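Trainee: Add 501 to the 1-based position in the sequence shown for our numbering, that's all there is to it.
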Amino acid sequence: MRSRHWNAPLGFSVLFALGAAAPVAQADVFQEKIEPFAKKYCHTCHNKKRAKGELDLTRYVRDGDVTKDFRRWNNVIEFVRKGEMPPSDHKLQPALEERNAVVGAIKAILLVEATKHAGDPGVVLPRRLSNTEYDLSIRDLTGVAIQATKEFPVDPAGGEGFNNTGEVLAMTPSLLNKYLGAAQLVSDHLVLKPNGITFAPFPVTSYAERTKLTEQAIIDFYRRHEVRIGDYLEAAWRYRHRGDDERGIGLEAWAARRKLSGKYLAVVSKTLAEAKTGASYLKQLGALWDAIPAPAKTGGVPQELRECERFIAFARARLGQKEPALINANAGNWPISHLALRARVAAGRDKFDPSAFKGRQTLKLGRLQAKKGKTPSATVLYLRVDPAFGSPPAVVVFHRPLFSKSDNLPRNKNDIKNQAVESLRAVLERDAPDVARRLRFGKHPRGGKLDPDSFAVQAPGVVEIPLGPASVTALHGRQLLVECELDSNSTPEAAAQVQHAVGTRPGPSPLTPLPGGEGKAVRGNVELLMRSESKVAKELTASYQRFCAAFPNRFFYVDANRGLAAGFHLVEGFFRDDQPLVNKVLTDAERKELDRLWKELDFVTQSVETMLRGFVWFERAERHVLHDKRFDWLRSEDPSLVEEKTLEKFERLYHERLGVKLMADAIKPQKTNAQFDLIHGYFEQTRAGLAEYKQTLMKAEAPALAELERLAQRAYSRPLRPGEARSLRGLYQRLRKQGQGVEASLRGAFAAVLISPHFFYRAPGTPEGRGVHPLTGEAMARRLSYFLWASLPDDELLKAAGAAKLQDDAVLRTQVRRMMKDPKIEAFSREFFGQWLRYRDYLAKDPIPPKTFPGYDAALRQAMFEEPTRLITHLIQQNEPVDELLHSDATFVNERLARFYGGSLEQQFRKLAGSASDGLRGWHRVEGLRSIGRGGLFGMPVILAGNSVGQRTSPVKRGFWVVHHVLGQHFPPPPPAVPELPKSEKESKKTIREMLAQHTTNKSCAMCHVHFDGLGLTMEGFDAVGRARTKDLASRPVQIVGPMPGAKDAEGIAGLIDYVEKHRKEEFERNLCRKFLGYALGRSVVLSDEPLLQEMRKKLRAERRFSVLFETVVLSPQFRRQRGRDFVAAAP
């Protein structure tokens, strides 16, 4: 029999392009046309004994042998077609006609087989999710990046070189155990909140982690709404002087422009506008406000506005209620009284403190220091007295000022001795007698006598107390303590301000009108002296209350070390102190959000129960209140502690222990008792809190179970079947009956979802029959999402699947375009291109020792790793031409990578970062790679560094990367015992180029190296970490010219790009399509895929966009169909 005649020069792909019908083989083409050629020209080297290049051609005897090993025979086609086989030194060389004939015969065999089974979905083995797919699925399921597979073994590669194929993703008993552990880890992130389930970014298995999760959310809220008085002052000032074109803007909109609270800006504006009608501080504030000039055209704010801001800060500190220690580590502190103290402080944030009206204050002037071995400098202590609020001139008496090591005045003779007390009068009479005489110790300025060690000053007046070096040395470690008092006998209705300072003369006090030229005067520490019963004090109270209502001493309280802690010793619990913020600043929506956050804190941490148990422990361990036989039954860990019967017994005994007598039939005092009110109030608050928690828990259970079912449905990528929903709820109920809490039971049920094969295994149900069947909607959605996103399908995709629309071509195209634009396409960029082009494992397998290259740090390596993924993601999202992979002039950089590139790229980055919301932390697109000798993937540092060796570049690895990975050319493995080149350029007297030239003098080596060494040499302009260079590490000039196979020499990466685009683009397209299809299908490409590959290449040549590849593959029968359980290949 004769075989059908084939026109040998027509290539395999050309036959498909012309739409040739599948031929009917009439004889074994191999035996007739291929075997004679192989015997004559190939068997000498490629036989069973020699098998050069691991190729034994003698084992092939018929057409079927060729089709079974079609990949190898495709390589044979290329070698024979290009004239590389037989090698040029072989004695017998086939004529061109012979080459064409054998190539055509091989293609004919392959064409018959490929056409016969075109569109066959092939064997797609069930498989588990890859580590990346599992982690991304967990991220999309929970909203948290948990990295649950970090302890899993690395996924092997299979198929077309990817780790998403069933050929390698098998399940083992040990791996199943890891999946169980991963499910437990993920479920530990589940947190029950009042409105249902949420997931934390860390495992929440302890009280500390519960606190971290919920407390920090409140603190973050506070920080976002922090009130800076200066910002509101400036906004009110600019609003006051707004131009005619802004008159129509309301105060609310004005505040919104500046991201301020319109509510509080209205309070500030009204207070400032009405301040001059008030008294004292308000009147002075009004004067300062009116003195601020209109905004200048040059911008900025005037000094007068800052002066007004400083005055408000001073007045807030003076008039607001004094804040005691709110975090008390003293074991003797009584928790109940401390909570009452916290309540009083929180209620008084915006209230005037009447204790500001005092006629007597103690001043502390800075402690004197004399450095050992050095003569100290002289200094001056200042006391300044000014009238306050326009009152009559006051006289202030300074009682017995003295130097002391203590912060407190001495109480007895022992204190005088221990504190090294020495009177000011004695010091001055010894060291500065003129000053002592001027102070007139013991004499009243209006006549009369004082204590011999005291003196008085009539306002206004300034006292200067000079201390020379000898005095400073003698008084080292001591400070001046002065008790000052308003002399109410001589000036009963007066008020005075006393300032004190060290080293610099204080200027006018904030309550003293500023004379001309003194606007920048230094102000010392200020104390107000005024009798609370004086007429001026009574007149000022209403004015002060108005001021404090507008400018509270705090808007909220967060301790720097213990956050929102209630603050008594080691007892856990929280206290809310934020009423000024809530009432004066927040909108209704913001108040609701803050209330929700506090409710979540109390619920998630079970704060009331936690505080109660801590209280019992504290009273027993620290204060010994419960060290009494009556409390032997009571333990902090007792589960019944939260029950009403137990609480009532505890409260009765607690009252009894502290001496409060109760009525026999009720928890009521026999007579009015403040201590009873305090204790009973604590227990009543505890009861209310426990009841609220119980009620909230009951309400949270139903939505949590509904959310659990929704999570399961999302995990399975389909609606739950009735039995599955019942089973899930049944598991939850069994766990509850076993004594597990609501949250723990939800975690157990969710872990069961995660270990279900419906979640972590990809095994679409195989339909009955011997034919090929369309995928179900859910299977299609899952295949599509794991192809493009390496993760679960989203709601829109599942909705289309549920409506049976994913077999519609138009719908599929729409979904593909949408998914390409989604941020999750980054996973495809990283997984497909990273694995294909071998940079995905760069961080784990970085070959470069960092110490060799200063600046090659972790931040730079991370940025280098992310760069190609960010660029490719952009190219896909914008549907750019695939050729941009080869020659793109743009890339994406962050601050670290911009510094690495330097020059115009860094300048572009800094300009873009300056106007971006994320500033220097973000990534920005910059252009100009070609102008600095880079371009596309070839010039990216991660490619250059990943294909280096130790401390030097590797033209061999870099060139091989281009030819093998990018272009798809295959080579046999190198022979054994090939001598390695030095790992450092400094270790050799020859350049890398010279050593390679010497190495390739061996013909057996040159056969392969001639294909890629030259390409790698064009990349020598960049060192081992991808930095541009003109010299190697031995300071020898670097040449960047390399010989190109089948073309003239190329220079630099620009020449390499030009060479690939002009001479090797078809190979790039062919390799890209094959890799793309293999990744999409999750299996090795088979011969029957050749028509689809040809279609991909044809469409790509017509329109070079990424969408061509995605749509052609997704719309193909291979992607949309699957074999039946009893599949039998169609007969030819």
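All residues carry an ideal CB built from backbone N, CA and C; glycine is no exception.
All figures in this text were calculated on a predicted structure; none of them were measured in a lab.
Could you tell me the boundaries of the alpha helix (DSSP H) in which V603 lies?
Mentor: That run of the alpha helix (DSSP H) goes L597 to K617.
Trainee: Could you tell me the alpha carbon to alpha carbon distance between F858 and V1105, rounded to whole angstroms?
Mentor: If you take the alpha carbons of F858 and V1105, they lie about 45 Å apart.
Trainee: My assumption, with CB atoms under 8 Å, is that V896 sits in contact with Q959. Please give the rounded CB distance.
Mentor: The Cβ separation is near 5 Å, so the contact holds.
Trainee: Can you list the beta strand (DSSP E) stretches of 3 or more residues lying completely in the segment 622-698, in chain order?
Mentor: Qualifying beta strand (DSSP E) stretches, in chain order: 691-694.
Trainee: Tell me which same chain residues have a C-beta within less than 6 Å of the C-beta of P587, skipping the five on either side of it?
Mentor: The answer, listed in chain order, is Y542.
Trainee: Where does S907 fall in DSSP's three states?
Mentor: Three-state result, S907: coil.
Trainee: Between the segment 1261-1276 and the segment 1190-1200, can you find at least three pairs of beta-carbon atoms closer than 8 Å?
Mentor: Cβ pair count under 8 Å is below three, so no.
Trainee: Could you name the residues of the same chain whose beta carbon sits closer than 6 Å to that of Y1045, not counting the 5 residues immediately before and after it, in chain order?
Mentor: So the list reads L820 and F853, once near-sequence residues are dropped.
Trainee: If you reduce the DSSP assignment to three classes, tell me which class C985 lands in.
Mentor: Correct three-state label for C985: strand.
Trainee: Leaving out five residues before and five after A619 in sequence, what residues of the same chain have Cβ atoms less than 6 Å from its Cβ?
Mentor: Cβ neighbours of A619 beyond the five flanking positions: S1589 and P1592.
Trainee: Just to confirm, are G1163 and R1131 a CB contact at a threshold of 8 Å?
Mentor: For clarity, residue 1163 is Leu in the given sequence; the question names Gly instead. No.
Trainee: Near K1306, what residues of its chain come up, given a Cβ to Cβ distance below 6 Å and the 5 sequence neighbours on each side ignored?
Mentor: So the qualifying residues of the chain are V1312.
Trainee: For P1220, collect the residues of the same chain with a Cβ closer than 8 Å to its Cβ; drop the 5 residues on either side in sequence, then sort them by chain order.
Mentor: Answer for P1220: Q1214 and G1303, listed in chain order.
Trainee: State yes or no: is the C-beta of Y883 within less than 8 Å of the C-beta of V964?
Mentor: Yes; because the gap between Cβ atoms is below 8 Å, this pair is in contact.
Trainee: Taking L1179 as the reference, give the member of A1207, N990, K918 and A844 with the closest Cα.
Mentor: It is A844 whose Cα lies nearest to the Cα of L1179.
Trainee: Between which two residues does the beta strand (DSSP E) carrying K865 extend?
Mentor: K865 -> beta strand (DSSP E) spans R861 to L866.
Trainee: Would you call the segment 1361-1371 and the segment 1394-1402 in contact, with 3 or more CB pairs under 8 Å?
Mentor: Result yes; three or more Cβ-Cβ pairs closer than 8 Å.
Trainee: Excluding the five sequence neighbours on either side, which residues of its own chain have a C-beta within less than 7 Å of the C-beta of R1331, listed in chain order?
Mentor: These residues qualify, in order along the chain: R1341 and T1370.
Trainee: Would you identify the three-state DSSP class for G520, choosing helix, strand or coil?
Mentor: Interpretation of G520 is limited by its pLDDT of 40, a score under 50 that renders its predicted location unreliable; no figure is taken from the coordinates.
Trainee: In chain order, what residues of the same chain lie with their CB nearer than 6 Å to the CB of S688, ignoring the 5 residues before and after it?
Mentor: Closer than 6 Å at Cβ, skipping near neighbours: R1248, F1251 and A1252.
Trainee: Quick one: is the Cβ of Q717 within less than 7 Å of any heavy atom of the ligand COA?
Mentor: Ligands are entirely absent from the displayed structure, and the ligand COA is therefore not among its contents.
Trainee: Is D1060 helix, strand or coil when you go by DSSP?
Mentor: Here D1060 sits in strand by DSSP.
Trainee: So, are the CB atoms of G1522 and V1539 less than 8 Å apart?
Mentor: Yes, they are a contact pair.
Trainee: Confirm, please, whether the CB-CB distance from S955 to V484 is below 8 Å.
Mentor: Lying outside 502 to 1633, the shown extent of the chain, residue 484 is not represented and no answer is given.
Trainee: Check D932 in the structure and name its three-state DSSP category.
Mentor: Helix, per DSSP.
Trainee: If I'm right that H1471 touches N576 with Cβ under 8 Å, what's the distance once you round it to whole angstroms?
Mentor: 5 Å between Cβ atoms; contact.
Trainee: Going by DSSP, what residues sit across from D887 in a beta bridge?
Mentor: Beta-bridge pairing links D887 to Q998.
Trainee: Pull up the CB-CB distance for I1541 and H1388, whole angstroms please, since I reckon it's below 8 Å.
Mentor: Not confirmed; about 17 Å, so no contact.
Trainee: In its own chain, which residues sit with a C-beta less than 8 Å from the C-beta of D1627, not counting the 5 before and 5 after it?
Mentor: If we look at D1627 and ignore the five residues flanking it on each side, its Cβ neighbours are E1269, G1270 and R1271.
Trainee: Quick one: residues in its chain with C-beta nearer than 8 Å to the C-beta of E930, no 5 flanking neighbours on either side, listed in chain order?
Mentor: Excluding positions up to five away in sequence, the list reads A937.
Trainee: Using alpha carbons as the reference points, say which of E994, I917 and V1003 lies closest to A1038.
Mentor: Comparing Cα-Cα distances from A1038 to each of E994, I917 and V1003, the minimum goes to E994.
Trainee: Look at the Cβ atom of L864, then the Cβ atom of E1028, and state whether they are nearer than 8 Å.
Mentor: Contact: yes.
Trainee: Let me check understanding here. Comparing Cα to Cα, which of K1487, G1547, D1550 and G1517 lies closest to K1532?
Mentor: Comparing Cα positions, the closest option is K1487.
Trainee: E1073 and G1115: beta carbons closer than 8 Å?
Mentor: For E1073 and G1115, yes; Cβs fall inside 8 Å.
Trainee: Could you tell me which residues DSSP puts in a beta bridge with L1029?
Mentor: DSSP lists Q998 as partners of L1029.
Trainee: What does the alpha-carbon distance come out to for the pair G1625 and T1267?
Mentor: G1625 and T1267: Cα-Cα distance of roughly 6 Å.
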